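**Student:**
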Amino acid sequence: MEINLSATVAHLKLELYRQRAKVRNLLRVNKRLRRQVNVKINDVKGKKIKRKQEKPRKRSLSIGKGGCEEC
16 MEINLSATVA
26 HLKLELYRQR
36 AKVRNLLRVN
46 KRLRRQVNVK
56 INDVKGKKIK
66 RKQEKPRKRS
76 LSIGKGGCEE
86 C
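Take the sequence shown: its position 15, counted from the start at 1, is 30 in my numbering, and no numbers get skipped.
Next comes the structure, spelled out in structure tokens:
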């Protein structure tokens, strides 16, 4: 019985690539979900309803500052 090794290797590489893509996607989704917070808002009839909303991303404060503050 002869097994085509190159085809098997190619198939495994493809499967690995698919798995990595799946993990990357899950990580991205997870990051987005962790940024969400529950926000209570009023709907049309004035009842409070919960809705998920994304927290603003933290921006570093160092951007835009030029050197030290005495200069």
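By construction, the Cβ of each residue, glycine as well, lies at the ideal position given by its N, Cα and C atoms. Fair warning: this is a prediction, and the values are worked out from it, not measured in the lab.
Just reading off the beta strand (DSSP E) that K65 is part of, what are its end residues?
**Tutor:** K63 to E69
**Student:** Using a Cβ-Cβ cut-off of 8 angstroms (strictly less than) and excluding sequence neighbours within five positions of Y32, which residues of its own chain qualify?
**Tutor:** none
**Student:** My assumption, with CB atoms under 8 angstroms, is that K73 sits in contact with K63. Please give the rounded CB distance.
**Tutor:** Between K63 and K73 the Cβ distance is about 28 angstroms, and since that is not below 8 angstroms, they are no contact.
**Student:** So, using beta-carbon positions, are E30 and Q51 closer together than 8 angstroms?
**Tutor:** No.
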